[in-house]
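**Q**
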Amino acid sequence: MAISIIYTSFLISFVNVGVIGVLQIMMHFINFDDQGEDPRPWRSELIFTAYFTIISLAILWLSTKMPNAFTGMVLVNCQFLLLNNYTDLLQTRLNVGLSAVISIVLFATVLGITGWPLYLFAGGYLLFLLVKFQWFYPFDEHPYFVLTGRYIAGIAFWIAMKQVLHLSQNILEQRLFSFLIAATLCYGYLLVLRHDHVESTRNAHDVHFDSLTSANNWLTFREDLDASFLNHKGLAIVAMDIDRFKEINDTYGHLMGNQALVRFVATMQQTLTELAPQATFYRTGGEEFTVLLPETTMAEAKSIAAACQQRLQTLVLHTEDKQTFGLSSSMGVTVKTAGDTEVMDVFRRADHFLYHSKRNGRNQITTDDDAIAALD
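Using the UniProt record's numbering, you'd call the opening residue of the sequence shown number 1 and step up by one each time.
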């Protein structure tokens, strides 16, 4: 009996690992929203739920073709374990509930299993899934609850199956113990997958985003600038930095300087989101930042820059010793012209105008029009 339990435990674990491995590949190619940026993540999860449904249907159908009940129950065990594993990977309540309901419907239609014990279990299990999703998500941060829940669900499931199918005590014990072992093995596998995924996601994020402010970094700026230079005729660039930032560090300390950077970025991004949804904001140096504005005229870009300056003037930072200080920003604004043959020509001009603003007293905006007026 012990050998049979171990064998079936590893068998259903192996099948589940394979199914989840394919699911991971699907999530990668469909660009699964692991950062929570998609306002409707349930839509992509519906594709995964369709995959889960097809696999579950195949497993349960095969269970009806097995030569004996003992072997058929191995596949039933496999499908129920898959349901537990799949719901741990989901992000939306809709697909958690949908996958559970689909499984119950498949049990009733494919296996012909009905009866109050199954319905009672289904209601309790659905409640457990919703509680787990609401208060114990993600699964890797609550291992004791998730594992205990799996064990209790497995015990309740096989007790219900015994009542409905009148299973022998031998089959009940073997399927139950094999489920408990496989549930533990698969949870460990999911933890490894989750850890690797979080690390790779963090590394990919760090390649394109500034670690302190979460603004797009220089690498992302160069990639986007190249694309915008080729694809947009009306490209405007705003180069800006925080005035007297070295004095802020020297006076209030580097921790306060870091806070100033974070608050500056948050203020600029919020302003741009409200006034120029097409804008993209980048940290391109220590206290230097750049905004790309595709399909934007000089007048529009200057107005956006002025609005950013005005919003910044309302920002007040507080130190630990109750001191307060504000921020201001010097800016340079330019637009792509027919004479710009290289992508960096536009950026260098905006950067040059930025330093012109700093030399002229800071908290200024210098544009192409100002440069032309100076020549006249």
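Backbone N, C-alpha and C define an ideal beta-carbon position, used for all residues, glycine too.
Keep in mind it's a predicted model, so treat the numbers as computed, not measured.
Would you mind reading off the limits of the beta strand (DSSP E) that contains histidine 318?
**A** 316-318
**Q** Please report the residue range of the beta strand (DSSP E) in which threonine 366 lies.
**A** 365-367
**Q** Between which two residues does the beta strand (DSSP E) containing aspartate 241 stretch?
**A** 236-242
**Q** Just to confirm my understanding: we take phenylalanine 289, look at its own chain, exclude 5 residues before and 5 after, and list those with CB closer than 6 Å. What are they?
**A** Met240, Arg283
**Q** Report the CB separation of alanine 215 from threonine 296 in whole angstroms; it is logged as a contact under 8 Å.
**A** Between threonine 296 and alanine 215 the Cβ distance is about 19 Å, and since that is not below 8 Å, they are no contact.
**Q** If the criterion is Cβ atoms closer than 8 Å, does the pair asparagine 249 and leucine 212 meet it?
**A** no
**Q** Is it the case that the Cβ atoms of valine 343 and threonine 334 are separated by a distance below 8 Å?
**A** no
**Q** List the endpoints of the continuous beta strand (DSSP E) containing threonine 334.
**A** 329-335
**Q** Which parts of the stretch 12-65 are runs of the alpha helix (DSSP H), unbroken and 4 residues or longer, counting only runs that do not cross its ends?
**A** 42-64
**Q** If you draw a straight line from the C-alpha of arginine 362 to the C-alpha of asparagine 217, how long is it?
**A** Arginine 362 and asparagine 217: Cα-Cα distance of roughly 24 Å.
**Q** To the nearest whole angstrom, what separates the beta carbons of tyrosine 86 and phenylalanine 52, a pair I think is in contact under 8 Å?
**A** 5 Å
**Q** Pick out whichever of Phe177, Lys65, Gln163, Thr267 has its Cα sitting closest to the Cα of alanine 307.
**A** Per the Cα distances, Thr267.
**Q** Taking all protein chains shown into account, decide if serine 168 is buried (16 or more other Cβ within 10 angstroms of its Cβ) or exposed.
**A** exposed
**Q** Going by beta carbon distance, what residues of the same chain come within less than 6 Å of valine 76, once the five residues before and after it are set aside?
**A** Within the same chain, valine 76 has close Cβ partners Ser63.
**Q** Provide the residue span of the beta strand (DSSP E) that contains leucine 167, from first to last.
**A** That residue, leucine 167, is in no beta strand (DSSP E); it is neither H nor E in DSSP.
**Q** Just confirm the distance between the C-beta atoms of isoleucine 30 and isoleucine 47, as a whole number of angstroms; I'd bet it's less than 8 Å.
**A** 6 Å
**Q** Nearest CA to the CA of leucine 83: which residue from Phe128, Met66, Ser44, Asn68?
**A** Phe128
**Q** Arginine 283 by DSSP, collapsed to three states: which one?
**A** strand
**Q** Measure the CB-CB distance between alanine 160 and leucine 118 and report whether it falls below 8 Å.
**A** yes
**Q** Rounded to whole angstroms, what is the Cα-Cα separation between valine 238 and isoleucine 104?
**A** 58 Å
**Q** Between the alpha carbons of threonine 314 and glycine 326, how many angstroms are there, rounded?
**A** 8 Å
**Q** Just the C-alpha distance for serine 9 and cysteine 78, rounded to the nearest angstrom, thanks.
**A** 9 Å
**Q** Taking the alpha-carbon positions, what's the alanine 69 to asparagine 95 distance?
**A** 31 Å
**Q** For glycine 188, does the count of other Cβ atoms within 10 angstroms reach 16, so buried, or fall short, so exposed?
**A** exposed
**Q** What does a CB cutoff of less than 6 Å around glycine 115 pick up in its chain, not counting 5 residues either side in sequence?
**A** Val164
**Q** Enumerate in chain order the residues of its own chain whose CB-to-CB distance from asparagine 16 is below 6 Å, with the five nearest sequence positions on each side excluded.
**A** Leu81, Leu82, Asn85, Cys186
**Q** Could you round the C-beta distance between alanine 108 and tyrosine 125 to whole angstroms and report it? I think they count as a contact, below 8 Å.
**A** Between tyrosine 125 and alanine 108 the Cβ distance is about 14 Å, and since that is not below 8 Å, they are no contact.
**Q** Would you list the one or two residues that DSSP bridges to valine 291?
**A** Val238, Phe281
**Q** Can you tell me the Cα-Cα spacing of proline 67 and valine 192, whole angstroms?
**A** 36 Å
**Q** Using 8 Å as the threshold, is the C-beta distance between histidine 352 and glycine 339 below it?
**A** no
**Q** Report yes if the C-beta distance between isoleucine 152 and leucine 176 is below 8 Å; otherwise report no.
**A** no
**Q** Could you spell out where the alpha helix (DSSP H) holding threonine 114 opens and where it closes?
**A** For threonine 114, there is no enclosing alpha helix (DSSP H), as DSSP marks it with neither H nor E.
**Q** Measure the alpha-carbon distance for residue 385 versus asparagine 360 and round it to whole angstroms.
**A** What the structure shows of the chain is the stretch from 1 to 376, and residue 385 is not part of that stretch, so it cannot be assessed.
**Q** Which residues in the same chain have their Cβ closer than 7 Å to the Cβ of residue 380, if we skip the five residues on either side of it in sequence?
**A** No information on residue 380 is available, as it lies outside the stretch 1 to 376 that the chain covers here.
**Q** By Cβ distance below 7 Å, which residues in the same chain neighbour serine 4 in space, the five residues on each side in sequence not counted?
**A** Gln174
**Q** Taking phenylalanine 209 as the reference, which of Thr280, Pro294, Lys336, Thr367 has the closest Cα?
**A** Thr280
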